[in-house]
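> Pasting in a structure now, in structure tokens, and then I'll have a few things to ask.
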Amino acid sequence: MTPLIRAENLSKRFGHIEAVRGVTLEVSAGEVVGFLGPNGAGKTTTMRMITGFLEPTQGQVTLQGFSLDASPILAKRAFGYLPEGAPAYPDMSVLEYLQFIGQVRGFGGKALDERIASVVSQVHLERVQHQTIETLSKGFKRRVGIAQAILHDPPILIMDEPTDGLDPNQKHEVRQLIRSMGSTKAIVLSTHILEEVEAVCTRVILIAAGKIVFDGRPQEFEARAPASVQRNRMDHVFRELTSAGAEVRS
Amino acid sequence: MSGSVQPWRAIFRREFRSYFATPLAAVFLVVFLFLAGIFTFSLGGLYERGQADLRPFFDFAPWLLLFLAPAVSMRLWAEERRLGTIEVLTTLPLPVWQAVLGKFLAAWAFSVMAIVLTVPLWMTVSWLGDPDQGMIVAGYVATALMSGLFLALGGVVSALTKNQVIAFVVTVVACFLLMVSGFPVVLDFLRGWALPSVVDAVASLSTLTHFASLTRGVLDLRDVAYFIVGIAVLVLATTFLIDWKKSA
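Read top to bottom, the protein sequences are chains P and E.
Residue numbering for the first sequence follows the numbering used here, beginning at 1 and increasing consecutively.
Residue numbering for the second sequence follows the numbering used here, beginning at 1 and increasing consecutively.
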């Protein structure tokens, strides 16, 4: 199957800091990729390059066969994106915001109403749909961000820390939603919670100091821990691979 | 798709409504109308002049816009950056120019609305006497064009920062320099060292000169073109800057 996301040799330099160094990855439909790494490892920068918010210093991105460089509009139609912190206009109500996103995406009339009704029920926003976004709790804000990202039912979904700041119930709900979409879409989500990877991901990509240091199935990731480690085995592998000097070993 | 709109129109609508979501619109409109009234009737000496026209209003309008247009434009992009919504906006499938255009037109529509709300002044002088209506229309067109130019310049500045205060101050200074570039304060500074052709070019950029010739009641196409071309260039520059920031 041709991959929906293809990032080739992505690099990003900010001044003389090399935030991302030669990241190559391909993600196909049906894959849910957990994008892991310590803070500052380059997760957000990589996602921003895949979505076209940042232009890579080097390398290129192809989404659903469309080059982000050559045909940005077609490439951008292929994905939904939840940026870090789930930004949204605070003075708009949830419905107004989703209408705005839908209109920019080219939806209108009944089709737009139907899409909004569908995502509102998918992420359970019924209760707050008429409230302005600034009055919402962190969990609801995050869900508005997710609703915005899946409004056009995209084949590709990119989410920067979708469960950050949610309570355990909300986390559970969002994970279920991701799992239910994971069979048909190509999903990349970044997270700090390793149990989340076990719960929803079919693949793990670990990034440290701007480079991919692991790419494989969650079971393989866990299996890297020595048998003597009984608890938090993934944490152990994470520390092992991302601590100083890990790069030399990989 | 049925009922679908061009992306820039969706951007325009959202932006225009956002002015009214906060007290900004109310504060702006009240201050603008209050000052317009004071300038026209008190400082401009409308009654003392014994002439029923809007000369005093149009004489003061550029100075009013110098501070009020930057107050409208400062949030255009700086606010998107501060909230992080620029990341949502620029990853949506629309060309950057449509986002820039929609936002600029919303700001312009808002300030034109403020200008239109001064029509009672017009009605007053028309009731008091028999003013040259053509001149007043030309004055209103000039004021609207000038606000557009200042807002477009403010858009450029706003695209460069996430701090609205900085955007405001820098825009006021930039608008002021553009406004008075035909006056000795700028030209004397240049004459010492710049080529005469450069001095002439800078002088021809003076907003106040073009504004004055329009408000004299002569709708000269060159003056109108100055504003329209200026706005177009600045909107394009904003588009370029938003795009350039991606690779910065």
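Heads up, the beta-carbon is just placed ideally off N, CA and C, and yes, glycines get one too.
#1: Output the distance between the C-alpha atoms of W122 (chain E) and G52 (chain P), rounded to the nearest integer angstrom.
#2: Which partner residues does F14 (chain P) have in the DSSP bridge list?
#3: Which ranges would you report for the alpha helix (DSSP H) in the stretch 40-98 of chain P if only whole runs of at least 4 residues count?
#4: Of all the options E:L187, E:Y19 and E:L94, which has the alpha carbon lying nearest to the alpha carbon of S71 (chain P)?
#5: So who's on the other strand from M159 (chain P), going by DSSP bridges?
#6: Using Cβ-Cβ distances below 9 Å, what residues of the stretch 192-218 of chain P are close to chain E?
#7: Give, in chain order, every residue of the stretch 49-78 of chain P whose Cβ lies closer than 7 Å to some Cβ of chain E.
#8: Name the residues in the stretch 37-63 of chain E whose C-beta lies less than 8 Å from a C-beta of chain P; which are they?
#9: Does the pairing of the stretch 139-149 of chain E with the stretch 27-45 of chain E give three or more beta-carbon distances under 8 Å?
#10: By how many angstroms is the C-alpha of G148 (chain E) removed from the C-alpha of I231 (chain E)?
#11: Can you tell me the Cα-Cα spacing of L190 (chain E) and P196 (chain E), whole angstroms?
#12: Quick one: residues in its chain with C-beta nearer than 7 Å to the C-beta of V248 (chain P), no 5 flanking neighbours on either side, listed in chain order?
#13: Pick helix, strand or coil for V165 (chain E), following the three-state DSSP scheme.
#14: Go ahead and pull the three-state DSSP assignment for F34 (chain E).
#15: Among P:A225, P:G216 and P:E220, whose alpha-carbon lies nearest the alpha-carbon of L252 (chain P)?
#16: Under 7 Å, CB to CB, which of the residues in the stretch 60-92 of chain E have a partner in chain P?
#17: Which residues does DSSP list as the beta-bridge partners of L274 (chain E)?
#18: Just the Cα atoms here: how many angstroms apart are S93 (chain P) and H124 (chain P)?
#19: Alpha carbon to alpha carbon, what distance is there between E48 (chain E) and R17 (chain E)?
#20: Does N9 (chain P) have its Cβ less than 9 Å from a Cβ in chain E?
#21: Say whether the stretch 58-76 of chain P touches the stretch 29-44 of chain P, bearing in mind that this needs 3 or more beta-carbon pairs closer than 8 Å, one atom from each stretch.
#22: Figure out for me which residue from E:R13, E:V157 and E:F211 has the closest Cα to the Cα of M135 (chain E).
#23: Which residues of the stretch 157-171 of chain P have a Cβ closer than 7 Å to any Cβ of chain E? Give them in chain order.
#24: Could you spell out the range, first to last residue, of the beta strand (DSSP E) harbouring I212 (chain P)?
#25: Between which two residues does the alpha helix (DSSP H) carrying V233 (chain E) extend?
#26: Whose C-alpha, out of E:F60, E:P56, E:R9 and E:P70, is nearest the C-alpha of F28 (chain E)?
#27: In chain P, which residues lie with their C-beta within 9 Å of the C-beta of P7 (chain E)?
By the coordinates alone:
#1: 50 Å
#2: P:I17
#3: 43-50 and 72-77
#4: E:L94
#5: P:L82 and P:L189
#6: none
#7: T51, G52, F53, L54, E55, I73, K76 and R77
#8: none
#9: no
#10: 7 Å
#11: 9 Å
#12: Confidence is the limiting factor: at V248 (chain P) the pLDDT is only 42, short of 50, which leaves the residue's position unreliable and the question unanswerable from this model.
#13: helix
#14: helix
#15: Shown here, chain P extends from 1 to 250; a query on residue 252 (chain P) therefore has no answer.
#16: L83, G84, T85, E87, V88, T90, T91 and L92
#17: The question about residue 274 (chain E) has no answer here: the residues shown for chain E are numbered 1 through 248.
#18: 15 Å
#19: 41 Å
#20: no
#21: no
#22: E:F211
#23: none
#24: K211 to G216
#25: L221 to S247
#26: E:P70
#27: Q103, V104, R105 and G106
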